[in-house]
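Remarks on the structure that follows.
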Amino acid sequence: MADPTARAAEPVAPTEPRVPATEPLTPAPAPPPRKDAPRTMRELRLATEARRRASAPKAAENPLREGLRLERVPDPNVFVLFGATGDLAHRKVVPALFQLWRTHLLPHEFTLVCVGRREYSDEAFRTELKASLDKFSRSQPIDRETWDDMASRITYHRGDFNDPATYAGLADQLDTIDLVRGTRGNRLYYLATQPSAFPDIIGQLGHAGLDHERHEGGWRRVVIEKPFGRDLESAIRLNREVGKVFRERQVYRIDHYLGKETVRNLLVFRFGNGIFEPIWNRRHIDHVQITVAESIGIEGRGAFYEETGASRDFLQNHLLQLLSLVAMEPPATFEADALRDEKVKVIRAIAEMTPAQVRGDVVRGQYGPGWVSGKPVVGYRQEPNVDPRSETETFIAARLMIDDWRWSGIPFYLRMGKRLPKRATEIAIQFKEVPHQLFRDSASEPEANLLAMRIQPDEGIMLRFGAKVPGLGVDVRNVTMDFTYGSAFQTDSPDAYETLILDALLGDASLFTRADEVEQAWSIVDPIIAAWAEEPAPDFPSYEAGTWGPAVADDLLAREGRRWRRI
7 MADPTARAAE PVAPTEPRVP ATEPLTPAPA PPPRKDAPRT MRELRLATEA
57 RRRASAPKAA ENPLREGLRL ERVPDPNVFV LFGATGDLAH RKVVPALFQL
107 WRTHLLPHEF TLVCVGRREY SDEAFRTELK ASLDKFSRSQ PIDRETWDDM
157 ASRITYHRGD FNDPATYAGL ADQLDTIDLV RGTRGNRLYY LATQPSAFPD
207 IIGQLGHAGL DHERHEGGWR RVVIEKPFGR DLESAIRLNR EVGKVFRERQ
257 VYRIDHYLGK ETVRNLLVFR FGNGIFEPIW NRRHIDHVQI TVAESIGIEG
307 RGAFYEETGA SRDFLQNHLL QLLSLVAMEP PATFEADALR DEKVKVIRAI
357 AEMTPAQVRG DVVRGQYGPG WVSGKPVVGY RQEPNVDPRS ETETFIAARL
407 MIDDWRWSGI PFYLRMGKRL PKRATEIAIQ FKEVPHQLFR DSASEPEANL
457 LAMRIQPDEG IMLRFGAKVP GLGVDVRNVT MDFTYGSAFQ TDSPDAYETL
507 ILDALLGDAS LFTRADEVEQ AWSIVDPIIA AWAEEPAPDF PSYEAGTWGP
557 AVADDLLARE GRRWRRI
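Structure below.
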């Protein structure tokens, strides 16, 4: 006979309890507290510290990847430099790579493959690169042991950029490097060539399968130098060609101005300090001036500059990039797309100019013979490879308006020129006058507050404000507070190319321009160039070398009671 007690102890399939809708469910009783559970605040703190120590990460195998360095050393990779025999590669790219190698910011598993049309052996090309470093590296003298270590990782690959055999051989060489050097299939292609070669190189990389990222790992990125197109139509066409091969997240369009320390600090200055953002708007700011002044001429690049001019060379990229950083709204996160989304919004808010507006709000000029730094210099039309009747502008000044909630009614004055008295790049935020002058009996009338950010040289930030002169009475004078990177941090700022190359290797696109950003910038510049084409021939040259540009550029501000800031 079955035992009823044992039968009751057998597991029974769970069934849905029938509880009336109005009857509350009885909560399960809380488990009794563990005897060893912390009960006092001290016990809780000690238990938390013990858990933190137990979960602390173990030391990294590679000491160079510890601490801050861990966040800044890229993955093992091959850096493929197209146009390696050119001026840009020797003056900027290779010196930047050497500096990153010297400061242990490149991985040990790093290889530089230099691609060019000329015939070189590996050893002969390394010798040329060493000679360039002796001239252009910012760290002198070159440490022989450091150079030998990096030189052993440099190879030369000869080939024409439009020849499929060049890329087939390059693919085999890169696969071999992955096996021998442990670079894991990570490759960055840097296009330091003439812009006309960009479509050929991009297309050939795609045909050879060198753009394909592997599922098991191995990223592929491409860095494209400016100018990105010569007008909106060519920029759209080039973006289309690039998009056929690479995804947008693989593309890094470089503008070296965005790598400058003060430009990067502008974001920290605006969004990392609580006192400036509340006054960064039309209620407190009268106008903004952005100046890029160069004392040099065209440096033997006559043929290039004849087809470019200041509008394509600077306005479309450098000046509009600086403007967008000054005027952008705070991004939701400090990530590439969030930053670039806000920059694009600013450029979209700049209204396209009509021919009448171009005549009134844009000034162009060309330098003639003059004196710079106490030395006589020739005019632009006397430069090599320049048309003696050239109408290419070497100076441009523009008054732009941003039609959005923050900046409505506030003019942005942009100017750029070659053969000006000095080399300087500055962003000047001119604040409004106080609404009521209390100190009218002062010996001198103080000027409105000014915030000036020096991009180059002497990188720093200056704030001008009024203060009382010590003594009897009330005499108000302008004083300045000046912050400079060199004196504050006792260290040299990295070169812009060092910053941007490192960011590209790390996959951080924050300081690179996106396809829609490039096209939107061209949509502002194109109508200006088109309006000039409809005008009679300009009266060039219009300013002497060594002066601050044509006098009509001063009228751009003077008609509204303003003037260019003396730099």
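Count along the sequence shown from 1, add 6, and you get the number used in the numbering used here.
Here a beta-carbon is modelled for each residue, glycine too, at the ideal position from N, C-alpha and C.
Helix, strand or coil at residue 438 [DSSP, three-state]: Residue 438: coil per DSSP, three-state reduction.
Give me, in chain order, the residues of the same chain whose beta-carbon lies closer than 6 Å to that of residue 533; leave out the 5 immediate sequence neighbours on both sides. Around residue 533: 358 and 359.
Where residue 182 and residue 84 are concerned, what is the direct C-alpha to C-alpha distance, given to the nearest angstrom? The C-alpha of residue 84 is placed about 11 Å away from the C-alpha of residue 182.
Would you tell me roughly how many angstroms separate the C-alpha atoms of residue 528 and residue 538, rounded to the nearest one? Take the alpha-carbon of residue 528 and the one of residue 538: they are about 15 Å apart.
Roughly how many angstroms separate the alpha carbons of residue 403 and residue 303, rounded to a whole number? Approximately 18 Å between the Cα atoms of the pair.
Can you confirm whether the segment 495 to 513 touches the segment 98 to 106 when touching is taken to mean that 3 or more C-beta pairs between the two stretches lie within less than 8 Å? Under the three-pair Cβ rule at 8 Å, the segment 98 to 106 counts as touching the segment 495 to 513.
For residue 552, count neighbouring Cβ atoms within 10 angstroms of its own Cβ and tell me buried if that reaches 16, exposed if not. So residue 552 counts as buried.
Could you give the first and the last residue of the continuous alpha helix (DSSP H) run that contains residue 350? Residues 342 to 354.
When you compare only the Cα positions, how much space is there between residue 370 and residue 400? A straight-line Cα-Cα distance of about 8 Å links residue 370 and residue 400.
Within this structure, are the beta carbons of residue 185 and residue 296 separated by less than 9 Å? For residue 185 and residue 296, no; Cβs fall outside 9 Å.
Host beta strand (DSSP E) of residue 213 (start-end): Here residue 213 belongs to no beta strand (DSSP E); instead the alpha helix (DSSP H) covers 204 to 213.
Taking residue 563 as part of the alpha helix (DSSP H), name the residues at either end of that continuous run. From DSSP, the alpha helix (DSSP H) with residue 563 extends over 557 to 564.
Beta-carbon spacing of residue 456, residue 434 below 9 Å: Result yes, Cβ atoms of residue 456 and residue 434 sit closer than 9 Å.
How many Å lie between residue 178 and residue 202 at the Cα? Here the alpha carbon of residue 178 sits roughly 26 Å from the alpha carbon of residue 202.
Residue 136 lies in the beta strand (DSSP E); which residues open and close that run? Under the DSSP assignment, residue 136 falls outside any beta strand (DSSP E), being part of the alpha helix (DSSP H) whose first and last residues are 128 to 142.
Measuring CB to CB, does residue 191 end up less than 9 Å from residue 251? Pairing residue 191 with residue 251 gives a Cβ-Cβ distance that is not under 9 Å.
Please classify residue 29 as buried or exposed, where buried requires at least 16 other C-beta atoms within 10 Å of its C-beta. Unreliable placement is indicated for residue 29, whose pLDDT of 46 sits below 50; no coordinate value is reported for it.
In chain order, what residues of the same chain lie with their CB nearer than 6 Å to the CB of residue 460, ignoring the 5 residues before and after it? Taken in chain order, the residues that qualify are 432 and 466.
Taking residue 263 as the reference, give the member of 365, 523 and 501 with the closest Cα. When each option's Cα is compared against that of residue 263, the closest is 501.
Mark residue 289 as exposed unless 16 or more other C-beta atoms lie within 10 angstroms of its C-beta, in which case mark it buried. That one is exposed.
Under a three-way DSSP split, which group does residue 550 fall into? Note: residue 550 maps to strand in three-state DSSP.
What does DSSP give as the partner residue(s) for residue 163 in the beta ladder? In DSSP, residue 163 forms a bridge with 121.
Cutting at 6 Å between CB atoms, please list the residues of its own chain near residue 149, excluding the five before and the five after it. Taken in chain order, the list of residues that qualify is empty.
Spatial distance of residue 440 from residue 560 (CA atoms): Using only the alpha carbons, I get a separation of about 25 Å.
8 Å CB neighbourhood of residue 285 in its chain, flanking five on each side removed: Within the same chain, residue 285 has close Cβ partners 291 and 437.
Reduced DSSP category for residue 324 - H, G, I as helix; E, B as strand; rest coil: Three-state result, residue 324: helix.
Quick one: grab the DSSP three-state call for residue 432. Reduced to three states, the DSSP call for residue 432 is strand.
Nearest candidate by alpha-carbon position, reference residue 92, set 214, 120 and 408: Cα-wise, what sits closest to residue 92 is 120.
Rounded straight-line distance, which links the Cα of residue 565 to that of residue 556: Going from the Cα of residue 556 to the Cα of residue 565 covers about 15 Å.
Output yes or no for whether 9 Å exceeds the beta carbon distance between residue 269 and residue 321. Taking 9 Å as the Cβ cut-off, residue 269 and residue 321 do not qualify as a contacting pair.
Roughly how many angstroms separate the alpha carbons of residue 309 and residue 236, rounded to a whole number? If I take the Cα positions, the gap works out to 14 Å.
Return the first residue and the last residue of the beta strand (DSSP E) that residue 495 is part of. For residue 495, no beta strand (DSSP E) run applies; the uninterrupted alpha helix (DSSP H) run containing it begins and ends at 491 to 495, by DSSP.
What number of angstroms, rounded off, separates the C-alpha of residue 265 from the C-alpha of residue 274? Going by the C-alpha atoms only, they are around 14 Å apart.
Should residue 200 be labelled buried (16 or more other beta-carbon atoms within 10 Å of its own) or exposed? When all chains shown are included, residue 200 counts as exposed.
In the DSSP assignment, the alpha helix (DSSP H) including residue 295 goes from what residue to what residue? Per DSSP, residue 295 is not a residue of any alpha helix (DSSP H); the beta strand (DSSP E) it occupies stretches across 291 to 299.
Among 426, 504 and 260, nearest to residue 550 - alpha-carbon criterion: Taking only the C-alpha atoms, the option nearest residue 550 is 426.
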